[in-house]
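Chemist: If you want our numbering, it's the 1-based position in the sequence shown plus 190.
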Amino acid sequence: MKLKNSRVLFFSLLIVAVIIGLITSMSSIQVIDQENVAESINKTDGKQDNQELIIGVSLASPESEYMVRLEKYIREAADERDVSIELHYADWNAKIQQEQMKQFIEAGVDAIILCPINSKSMLGSVKAAKEAGIPVINLNMKVDSVSTEYIDTYVGASMSEQGALAAEILIDTLGAEGGRVGIIEGAPGSDPAVYRTEAFYEKIKLCPQIEVVGIINGGWDREKAYLAAYDLIRMNEDLDVIYCHDSNMAMGAYRAVEQLGKEEQIRLIGIGEDEEYIQAVKNHEIYGIVTQSAEYEGKYSIYCAVDAVNGEPVRPWYKTPIQILTIHNIDEFEKGKY
Numbered sequence: 191m192k193l194k195n196s197r198v199l200f201f202s203l204l205i206v207a208v209i210i211g212l213i214t215s216m217s218s219i220q221v222i223d224q225e226n227v228a229e230s231i232n233k234t235d236g237k238q239d240n241q242e243l244i245i246g247v248s249l250a251s252p253e254s255e256y257m258v259r260l261e262k263y264i265r266e267a268a269d270e271r272d273v274s275i276e277l278h279y280a281d282w283n284a285k286i287q288q289e290q291m292k293q294f295i296e297a298g299v300d301a302i303i304l305c306p307i308n309s310k311s312m313l314g315s316v317k318a319a320k321e322a323g324i325p326v327i328n329l330n331m332k333v334d335s336v337s338t339e340y341i342d343t344y345v346g347a348s349m350s351e352q353g354a355l356a357a358e359i360l361i362d363t364l365g366a367e368g369g370r371v372g373i374i375e376g377a378p379g380s381d382p383a384v385y386r387t388e389a390f391y392e393k394i395k396l397c398p399q400i401e402v403v404g405i406i407n408g409g410w411d412r413e414k415a416y417l418a419a420y421d422l423i424r425m426n427e428d429l430d431v432i433y434c435h436d437s438n439m440a441m442g443a444y445r446a447v448e449q450l451g452k453e454e455q456i457r458l459i460g461i462g463e464d465e466e467y468i469q470a471v472k473n474h475e476i477y478g479i480v481t482q483s484a485e486y487e488g489k490y491s492i493y494c495a496v497d498a499v500n501g502e503p504v505r506p507w508y509k510t511p512i513q514i515l516t517i518h519n520i521d522e523f524e525k526g527k528y
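1) Quick one: give me the first and last residue of the beta strand (DSSP E) that Cys434 is part of.
2) Decide if Ile517 is buried, meaning its Cβ has at least 16 other Cβ atoms within 10 Å, or exposed.
3) To which residues does DSSP link Glu401 through a beta bridge?
4) Can you find the residues in the same chain that come closer than 7 Å, C-beta to C-beta, to Val499, ignoring five residues on each side of it along the sequence?
5) Have a look at the DSSP bridge pairing and note the partners of Ile406.
6) Please give the ranges of any beta strand (DSSP E) in the region 314-355, keeping only runs that are unbroken, at least 3 residues long and fully inside the region.
7) Using 8 Å as the cut-off, can you tell me whether the region 350-358 makes contact with the region 383-393, which would need three or more C-beta pairs spanning the two stretches below that distance?
8) Within the same chain, show all residues whose beta-carbon is closer than 6 Å to that of Glu255, passing over the 5 residues directly before and after it, in chain order.
9) Could you spell out where the beta strand (DSSP E) holding Ser248 opens and where it closes?
10) Applying the 10 Å Cβ sphere with the 16-neighbour rule, what's the burial state of Glu522?
11) Please go through the same chain and pick out, in chain order, the residues whose beta-carbon is closer than 8 Å to the beta-carbon of Gln288, but skip the five residues on each side of it.
12) On the CB-based measure, 16 or more other CB atoms within 10 Å of its CB, does Val480 come out buried or exposed?
13) According to DSSP, Arg457 sits in a beta bridge with which residue or residues?
14) Arg505 and Thr338 look like a contact to me (Cβ under 8 Å); what is the Cβ gap, rounded to whole Å?
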């Protein structure tokens, strides 16, 4: 009888010990699971908390007034989205820009915004960023078709459409009689410099009464454009129109036109909108402009970078809205309406 009671007691204690062991093990597993969940949440929050994001930005040059305005709106959007930016200018030097891209990748930035100084110079850089898992937002000046495979989206206008619209302004102002035109181009090799001339030519070649008498590089700089316009006018006394690749250069060209007393003879065409340029159209200093918003491009580059880092889908192209503005419709234009 005693032996039987001892066995019962032994098995009872054994069952109790097993139950206690199971409870202890489950508690340990729960603690480990909670720690893993907490760690996972913290990692996720690291991407969702925009304040932790660092975006590298490489722009072409501060000599370009448009680049300076892009920087202004990039910084505004970065503040709006609570992200940090590391912004550098490449001074129209491909090697400098490639080195900036390398530094961004080595530093492990969360995304890169790239405005390439040359459409064909950044293939190795954007490919390396892609391999490192870093989204690249191509801004304003488009990379070439091969490099496009390695970017997440392009934020900018169609330079070809802008060149064609500038030609429409030219044809409108010259009329059936035609006339003589000078061109002041942007930086050689850049996407806008190439296509704003190419598409312009495509459009006007159907108008034999229009003659292009000279092309001079203005480097997106107002002072250089002033000197370029001065030379064009001195070499072509009967010049009718100067087409500038951007409105900032058109303002420089106007100074030359004014100094040489040609305000009544020579009409100016530019590309890019800003209060100064809009007022210049109203004042009959610039005949017409094709719009391009630095605010749209600068801000959307940040929005796209944040979305790409957080796994949100982005379109292949965020196309800057453009239109023709002359004295005939300038009062109807609402800046900032996208």
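Where is the CB? At the ideal position from N, CA and C, for every residue including glycine.
Here the structure is a predicted model, which means the values were calculated and not measured.
Modeler: Answer, in terms of the structure:
1) 431-434
2) exposed
3) Arg370
4) Lys237, Leu243, Asp300, Ala301, Pro325
5) Ile374
6) If only uninterrupted beta strand (DSSP E) runs of at least 3 residues are considered, those enclosed by the region 314-355 are 326-329, 343-346.
7) yes
8) Asn438
9) 244-249
10) exposed
11) Only residues of its own chain outside the window of five on either side were considered, and among them Ser311, Met312, Gly314, Ser315 have a CB closer than 8 Å to the CB of Gln288, listed in chain order.
12) Val480 sits buried, since 16 or more C-beta atoms from the chains shown fall within 10 Å of its C-beta.
13) Val431
14) Wrong, their Cβ atoms sit about 13 Å apart, outside the cutoff.
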